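If you count by my numbering, then the sequence shown holds residues -2 to 172, one letter each, in order. The block underneath contains the structure these notes are about, expressed in structure tokens.
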Amino acid sequence: MAKLLYSATASLDGYIAGPGGDMSWLTEHLTGENATAERLLANVGAILAGNRTFGGDDPNRGTDSEGAFGGQYHGPVFVLTHRPPAEPPEDVTFVGDLHSAVAQAKDAAGDRYVNVLGADVARQCLRAGLLDEVLIFFAPVLLGDGVRMFDDPGGAQVRLAPVPGETAHWYSVVR
């Protein structure tokens, strides 16, 4: 059965996007090979994204690398939103309910990962007890402001445990 994994690249001060969702800061940090990212991509069976993430800034916009995983991901995408577009893009499913979106994405992913993209959707999955793992890549930059990796004022403490045999910053959610 598919696992729900939140993966993101964050600044060292914990931001995944700059003010207003700006992702341009990430461009200079997407160069070179990353064995963990390549292994992750090979094991992603579906993407679950929030509407802001789906329609937001892309550090590779207008290039061959535009899209998830630098344009290398080709598969089912589910977008959690209450405002789907009138003319949705092909191969993208818009879903208005978190549990339904997760179920559909897991079904599409089979025995691979559902990769969660977007801090708000990750927070919702975590609060609902649906998130299984967290993988964070850190870029050597301090943004100072923007969209936090996790922002849940009043939320409960969540314990994480390193995934055995995996790279640093890949954790299981302890239930």
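The C-beta atom is built at its ideal place from N, Cα and C for all residues, glycine as well. Predicted model only: the values in this text are computed from it and were never measured.
| query | result |
| --- | --- |
| For PRO150 and GLY42, the rounded distance between their alpha carbons | 31 Å |
| Proximity test, ASP104 beta-carbon vs the ligand NAD heavy atom, cut-off 6 Å | Within the structure as shown, the ligand NAD is missing, as the structure has no ligands at all. |
| Three-state secondary structure (DSSP) of GLY243 | The structure shown does not extend to residue 243, since the chain is modelled only from -2 through 172, so no value can be given for it. |
| Beta-bridge pairing of ASN112 - partner residues as DSSP gives them | LEU2, ILE44 |
| Three-pair Cβ contact test at 8 Å for the stretch 137 to 155 versus the stretch 94 to 103 | no |
| Backbone CA spacing between PRO85 and GLY152 [nearest angstrom] | 34 Å |
| Closest by C-alpha distance to PRO161, when choosing among ARG172, ASP142, GLU130 | GLU130 |
| VAL92, buried or exposed, once every other Cβ within 10 Å from all chains shown has been counted against 16 | buried |
| The stretch 72 to 81 touching the stretch 3 to 21, judged by at least three CB pairs closer than 8 Å | no |
| Segment limits, alpha helix (DSSP H) that includes GLU35 | 32 to 39 |
| LEU2 classed as buried or exposed, judged by whether at least 16 other C-beta atoms fall within 10 angstroms | buried |
| First and last residue of the uninterrupted beta strand (DSSP E) at GLU169 | Just to set this straight, residue 169 is Ser in the shown sequence, not Glu. Looking at the DSSP string, the run of the beta strand (DSSP E) that includes SER169 is 167 to 170. |
| Straight-line Cα distance separating PRO82 from GLU25 | 32 Å |
| 7 Å Cβ cutoff met for ALA106 and ALA14 | no |
| Contact set for GLY11: own chain, Cβ-Cβ below 6 Å, skip 5 residues either direction | ARG145, MET146 |
| Beta-bridge partners of THR90, as assigned by DSSP | PHE75 |
| Boundaries (first-last residue) of the beta strand (DSSP E) holding THR128 | In the sequence under discussion, the amino acid at residue 128 is Leu, which differs from the Thr named in the question. Neither: LEU128 is in no beta strand (DSSP E) and is coded neither H nor E. |
| Contact under 7 Å by Cβ, LEU157 with VAL111 | no |
| Three-way DSSP call (helix, strand, coil) for ALA119 in this model | helix |
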